[in-house]
Amino acid sequence: MENKIRIYNTLSQKKEDLAPFEGKKIRIYVCGPTVYSSAHLGHARAAVTFDVIQRFLKNVGYEVTYARNFTDIDDKIINKSNETGIPPQEIARIYTEEYIEDMDSLGVQAPTFQPKVTEHVPEIIDLIKTIIDRGYAYQSGGDVFFSIKKFPSYGKLSKRAPDEMLAGVRIDINERKEDPLDFALWKGSKPGEPWWESPWGQGRPGWHIECSTMSMKYLGSSFELHGGGKDLIFPHHENEIAQSEAATGVEFVRYWVHNGLIEINRAKMSKSIGNIINVREALTRWSKEAIRLFFLSHQYQNPADFSEDTMDENESALERLYITLKRAKDQKNNGRKGDSELAGNLNKFKTTWIEAMYDDFNTADALGNLFDLARAINRSIDSFGWTSTLEEALKEVRVFGSVLGILELDPKDYLQREKLSKSALEMTEEEIKQLIEERTASRKEKNWKRADEIRDYLSSKGILLEDTPQGTIWRVKS
RNA sequence: GGCGGCGUAGCCAAGUGGUAAGGCAGCGGUCUGCAAAACCGCAAUACCCCGGUUCGAAUCCGGGCGCCGCCUCCA
38 MENKIRIYNT LSQKKEDLAP FEGKKIRIYV CGPTVYSSAH LGHARAAVTF DVIQRFLKNV
98 GYEVTYARNF TDIDDKIINK SNETGIPPQE IARIYTEEYI EDMDSLGVQA PTFQPKVTEH
158 VPEIIDLIKT IIDRGYAYQS GGDVFFSIKK FPSYGKLSKR APDEMLAGVR IDINERKEDP
218 LDFALWKGSK PGEPWWESPW GQGRPGWHIE CSTMSMKYLG SSFELHGGGK DLIFPHHENE
278 IAQSEAATGV EFVRYWVHNG LIEINRAKMS KSIGNIINVR EALTRWSKEA IRLFFLSHQY
338 QNPADFSEDT MDENESALER LYITLKRAKD QKNNGRKGDS ELAGNLNKFK TTWIEAMYDD
398 FNTADALGNL FDLARAINRS IDSFGWTSTL EEALKEVRVF GSVLGILELD PKDYLQREKL
458 SKSALEMTEE EIKQLIEERT ASRKEKNWKR ADEIRDYLSS KGILLEDTPQ GTIWRVKS
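In this text, residue positions in the first sequence follow our numbering: the first is 38, and each later residue adds one.
Shown next, in the form of structure tokens:
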């Protein structure tokens, strides 16, 4: 097995060995949402991607410190406030809470720190002062701008040269900027807008500076891993690098990691196109683990094209795994010791899934190996029922599941309750159980007609029956 | 125009030099009262096209076609 984690670094455009600054400590910062609307699948993918990365790192022995911010003061929030009449703070509060709830619903573990911009304005002002003092920024009216000319390596992340960026590009000509590409560290406030007192007058932080401030506050001037969606590479992360390195003189981040975007019918999901799918909408139809499975069955850097059919397929795939787990659980100990064939498959799985994850967190590859193991488990059950090897295999599946955040439910709960709640059928568990009892009685009398009638009826209601040696079981159809 | 990326069977999707994981859907078989699930098997002559490098390329290089993202708020 390889002993180095390989990770694709946007900065070098190569896979590199993951090497912490110190021991086995990894510090991660991920750009969280600007809280002015409900979380959509794009937010969810980013959150799940880095959730799995941090889970895996912990699993293989790293000590992870993970920060993800809330940008709770921003032009977009102010615009929303102007549209709705709801105060900006209230908008931010509502969507911050929603985001926390939604990510929790998706099984995303809470980061170590979840700092908010509005709670760090003094630190932001200090950082801006430092940048000005070091000669990288200038005041102009009530604004403060970062001067990209002073930062020669500007463009190193997004691979673009400042001269080229200007050509044919739509840029607001702001009279107060020395260079059109300069960006605001501090924005003077207009009447009616939220503001904080600063050396440059009343105003608020510009976009970008909050992430530099908070990441460095919680993780240090230099830290290992900074993540976010690919759409943030420019200008957001480019500007973060410029500001941070201008302020400290040291390398800001060692590995830049970017997840691919969600597409709908091969077009980016975005507010301007209006094809947004919110997390809570998706959760009314598919289980949280199916949604995670959808994300994780793609390599994290690739685009993921969303469709209802694809989601249904993921739900079916998840169901297959849970059915296998349930079968395994239902086996009785029959005294047999082990199954060498399964043991071989288990060993293979143990190494292959770890290897896949070591290679740039390739969850899609790892999942392929899981399905191989599931087949091996089923085969073993068919031949031997319960064995100690089966027990070991289930243990390993649980470990794997805990890294990906899937297969964490009791199989029965998934196959019945979880799915019952996602389907439109109006049937209680009690009613279902009664009908099954009646059918079991009919079957004993070999009254196949009545038995089939009941089965067909339940089927029409979306309930699938299965007659097993242990009795009749049911689940909700996909 | 600049930068980045993608094009693998019916659909989804791994795979950066040695003759192609996995899932979903389909077909046949075993099992079953019949089903379901599971297993076994099948199928789809699956690597966008054309050149090149190589003993050997889906994988590297060049060219072409198609699609997408960023360059403007965005996970």
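All C-beta atoms in this analysis are idealised placements derived from N, C-alpha and C, irrespective of residue type, glycine included.
Bear in mind the structure is a predicted one, so any value in this text is a computation, not a measurement.
For S177, the uninterrupted beta strand (DSSP E) run begins and ends at A174 to S177, by DSSP. Counting along the chain, the unbroken beta strand (DSSP E) around I500 starts and ends at I500 to T505. For H335, the closest C-alpha among the options I278, A279, D54 and D402 is that of D402. Under the three-state reduction of DSSP output, L298 falls in the coil class, being neither helix nor strand.
The three-state reading of DSSP puts R454 in helix, counting H, G and I together.
When beta bridges are read from the DSSP output, D54 appears opposite R43. In this structure, DSSP gives P228 a state outside helix and strand, which the three-state scheme calls coil.
The beta carbon of W485 sits closer than 7 Å to no other beta carbon from its chain once the five residues preceding and following it are set aside. Nearest neighbour of A147 by Cα position, chosen from I65, E326 and P242, turns out to be I65.
For a cut-off of 8 Å, the C-beta gap from N382 to A413 is around 4 Å, short enough to register as a contact. Annotated three-state conformation of N312 is coil, per DSSP. Restricting attention to W390, R512, K459 and R357, the CA atom closest to the CA of S439 is found in W390.
Proximity to F289 across N302, H263 and S259 peaks at S259, based on C-alpha coordinates. The beta-bridge partner set that DSSP reports for W223 consists of V181 and P242. Taking the Cα of I246 as reference, the smallest distance to any Cα among V181, K196 and I360 is reached at V181. In the DSSP annotation of this structure, the continuous segment of the beta strand (DSSP E) that includes R64 starts and ends at K62 to V67. Taken through DSSP and simplified to helix, strand or coil, R105 comes out as strand. Take the alpha-carbon of Y99 and the one of P57: they are about 9 Å apart.
In terms of CA proximity to Q368, S417 leads the group S417, V294 and T400. Comparing C-alpha distances from K456 to each of G297, R487 and L501 shows the shortest one belongs to L501. Between L222 and I168 the beta-carbon gap is near 7 Å, inside 8 Å, which marks them as a contact.
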